[in-house]
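The opening residue of the sequence shown carries number 4 in my numbering; numbering runs sequentially from there. Notes follow the structure.
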Amino acid sequence: MKNENTAPSEPTSIPTLLSVVSDELNFLATDVERLHDIVELPGVRDSLRQAQCFNVLQGIDHITQNLAGLADFLKTVAESAPPAWQIDTRAACDGVLLASLCERLKQPSQPRKVHAGGDECEFF
């Protein structure tokens with residue numbers, strides 16, 4: 004869905020934007036890590052003794068570690084980027100389908116709102 008609003012926007016500080024993306028990746032890493040709670044569901048623990056299921060759990064760990072590593076990388080880059088570097092993020096945000104994520108990227112200086120039920124979710 005494209006945003007038809009062509010009004011000029013304030014440029015976004017690149018260090019601030021990188022920090023926000025880093026935070027988003029950390030939130031995702033935490034959410035992915037919570038997938039391990041599935042192991043505690045009735046009947047699942049015995050199923051996980053199969054090699055294929057073990058590989059799935061290792062995959063969850065791998066994704067979590069990659070997300071956390073990317074978050075750390077971006078946070079470090081953000082700390083070394085000159086504050087004067089700015090960018091117009093409108094075109095990039097047009098491709099972001101989750102409205103709440105899009106707003107956080109458009110306005111990275113605003114605090115992240117905590118939702119009791121999480122962000123919106125699209126089912127396939």
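All C-beta atoms, glycine included, are put in the ideal place defined by N, C-alpha and C. All figures in this text were calculated on a predicted structure; none of them were measured in a lab.
Three-state class that DSSP yields for residue i in the structure shown
i	result
residue 89	strand
residue 103	helix
residue 16	strand
residue 83	helix
residue 108	helix
residue 37	helix
residue 44	coil
residue 72	helix
residue 4	Any answer about residue 4 is weak, because its pLDDT of 46 lies below 50 and its placement is not dependable; what the coordinates show is given next. It is coil, neither helix nor strand.
residue 59	helix
residue 78	helix
Rounded distance between the beta-carbons of residue j and residue i, thought under 8 Å
i	j	result
residue 73	residue 28	5 Å
residue 17	residue 88	4 Å
residue 77	residue 21	5 Å
residue 111	residue 33	So it is not a contact: roughly 19 Å between Cβ atoms.
residue 66	residue 14	So it is not a contact: roughly 33 Å between Cβ atoms.
Residue i classed as buried or exposed, judged by whether at least 16 other C-beta atoms fall within 10 angstroms
i	result
residue 35	buried
residue 92	buried
residue 25	buried
residue 70	buried
residue 107	buried
residue 23	buried
Contact check, residue i vs residue j, beta carbons under 8 Å
i	j	result
residue 38	residue 63	yes
residue 116	residue 96	no
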